[in-house]
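In mature numbering (1 follows the signal peptide of the UniProt record, and there is no 0), the protein residues as written are -26 to -1, 1 to 484.
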């Protein structure tokens, strides 16, 4: 071997060593531990309905667009997009070279397959009704996707940016069946290493990730702890780094710790008792009576420790404030409530209803459920609070109105976008409309609001919709809950979206 060859060989070996050393130094080494009150039943974005699931999906999947920590739309896989002159065709150019964590290509054909699955009636996605506005979708080559919409849609980018619009590996989902919901195959910076329902789940870096948000952590370990006190204890003992939903009685205790504090990021969560509109509850006088029976400021102070603001509209702050309309708070008037019930033919003890509430999902949810039931009992209603685990609660509230065993359910709503929020909850026939609310005028307005791109027309249309919903009272409107999370001082770069989705993109531990 010549000296030149030896020198080249040595330089090549040194280069390999340098690359290996650099890779080793760059490899994430830290584990973040997060204690949550409820685990998602599935990590399939077309079926998940919990913010804890959105948190995972934002890390495991990619979408054409995505929401940042202020719910602003950012490009994801999309590199460019444009609308046709009539506004009915959206063309999106996507990045090339991306693959799913199992090595399958994420090209235009994969994007099309994902949206076809979302739009399939047979697949039964809970979000299908919202996304039907996308119309048909087709691939043009490997890097272009075209949506041929049924009508112009001024909100379509927000639909595509939501986690429910994430790109699913349909080939893997079909092969894995239900297992896909626990070990999904995405293309994001992390992948799911383990999932034990009701106990824990772990994310680790996806070695095949090709984007600009590489994993900064060796793993993110989630522990499921529904009980508030037990969840807080993990932070106090140093056995976790972040706890969600700090109850009011624990705020001072957490803030007194030498190495942790409570953060209170903005929240858009609107907490209500959603009414199943059948039987006696189809009568507006009855629904109004139930609303007048609730002492919102009293419950907020006495049960929630001040960690909420009384509702002044179904839509919470931050949903899309340019289109949001607010109203005067609903009065606490039990005498008028009793009068309305009597007028409707339901004197004391004549109306019996059941409330379904989760435990560990919202701030003091079980206690709130009992307080609301007690308020209804005070106006002569036989109200029974049915507090159940998160899984049972999800099953009940997902049933169509005619199959629901209850009459009201405690549900929080916090989704970005006026169309996304109102269309799925109040348009007739949409699967997420589990209250059974139906109003032809509201349906027409929702269709108009979706089709227009004029901001002033949108404001007028969505103002009318919000007024109709507020006046017809398909919910017992309660309050907008505050976010409160306990965070160790060693956690840096942690953010939370207004919809309670946690953002770990920039998190490091010192």
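C-beta atoms are modelled at their ideal positions from N, C-alpha and C, and glycine is treated no differently.
C-alpha gap between residue i and residue j, whole angstroms
i	j	result
residue 477	residue 7	14 Å
residue 290	residue 42	18 Å
residue 191	residue 164	9 Å
residue 11	residue 409	25 Å
residue 406	residue 298	21 Å
residue 415	residue 141	34 Å
residue 472	residue 321	42 Å
residue 438	residue 396	12 Å
residue 92	residue 412	24 Å
residue 2	residue 301	49 Å
residue 355	residue 455	26 Å
residue 394	residue 221	29 Å
residue 225	residue 386	22 Å
residue 333	residue 202	10 Å
residue 170	residue 388	26 Å
residue 33	residue 179	9 Å
residue 461	residue 335	19 Å
residue 126	residue 78	33 Å
residue 14	residue 157	12 Å
residue 312	residue 263	7 Å
residue 108	residue 294	21 Å
residue 248	residue 453	13 Å
residue 487	residue 60	The shown model of the chain, from -26 to 484, leaves out residue 487, and the question about it has no answer.
residue 94	residue 309	50 Å
residue 538	residue 250	No answer is possible for residue 538: it lies beyond the span of the chain, which begins at -26 and ends at 484.
residue 106	residue 435	20 Å
N-terminal and C-terminal residue of the beta strand (DSSP E) that residue i is part of
i	result
residue 54	52 to 57
residue 246	244 to 249
residue 193	193 to 198
residue 122	118 to 122
residue 451	449 to 455
residue 70	Neither: residue 70 is in no beta strand (DSSP E) and is coded neither H nor E.
residue 332	325 to 332
residue 385	382 to 387
residue 110	110 to 114
residue 486	Residue 486 lies beyond the range of the chain shown here (-26 to 484); nothing can be said about it.
Cβ-based neighbour list, residue i, same chain, cut-off 6 Å, excluding 5 preceding and 5 following
i	result
residue 359	329, 343, 344 and 347
residue 306	269
residue 147	154
residue 54	67
residue 420	397 and 401
residue 229	235 and 236
Which listed residue (the options) has its alpha carbon closest to that of residue i
i	options	result
residue 97	85, 129, 20 and 136	20
residue 62	472, 424, 454 and 466	424
residue 253	233, 319 and 302	319
residue 130	426, 437 and 483	426
residue 46	210, 391 and 27	391
residue 244	281, 226 and 259	281
residue 274	265, 266 and 284	284
residue 404	103, 60, 2 and 13	103
residue 194	208, 184, 216 and 207	216
residue 372	213, 9 and 23	23
residue 480	187, 430 and 228	187
residue 28	204, 205 and 136	136
residue 350	324, 367 and 227	324
residue 185	430, 36 and 376	36
residue 88	59, 255, 128 and 18	18
residue 16	112, 64 and 151	151
residue 227	296, 134, 206 and 139	206
First and last residue of the uninterrupted alpha helix (DSSP H) at residue i
i	result
residue 342	339 to 351
residue 208	202 to 210
residue 139	No alpha helix (DSSP H) contains residue 139, which DSSP labels as neither H nor E.
residue 398	392 to 400
residue 276	270 to 276
residue 434	429 to 446
Close Cβ partners of residue i (< 7 Å) along its chain, the five nearest in sequence each way excluded
i	result
residue 277	338, 341, 342 and 345
residue 482	4, 190, 466 and 467
residue 99	20, 21 and 92
residue 231	210
residue -3	Confidence at residue -3 is low in this model, with a pLDDT of 39, below 50, so its placement is unreliable and no value can be given for it.
residue 279	222 and 223
Close beta carbons around residue i, own chain, < 8 Å, minus the five adjacent residues each side
i	result
residue 470	43, 237, 239, 457, 459, 476 and 477
residue 74	80, 84, 143, 146, 159, 160, 161 and 182
residue 492	With the chain represented from -26 up to 484, any question about residue 492 goes unanswered, as that position is not in the structure.
residue 258	446 and 447
residue 197	7, 8, 9, 10, 173, 174, 208 and 214
Can we say the segment 236 to 246 touches the segment 352 to 368, given the rule of at least three CB pairs closer than 8 Å? The segment 236 to 246, when compared against the segment 352 to 368, does not touch it at the 8 Å Cβ threshold.
Are the segment 437 to 446 and the segment 396 to 416 in contact at 8 Å, needing three or more beta carbon pairs? Short answer: they touch.
The segment 65 to 83 touching the segment 117 to 134, judged by at least three CB pairs closer than 8 Å: By the Cβ criterion, the segment 65 to 83 is in contact with the segment 117 to 134, since at least three pairs of Cβ atoms, one from each stretch, lie closer than 8 Å.
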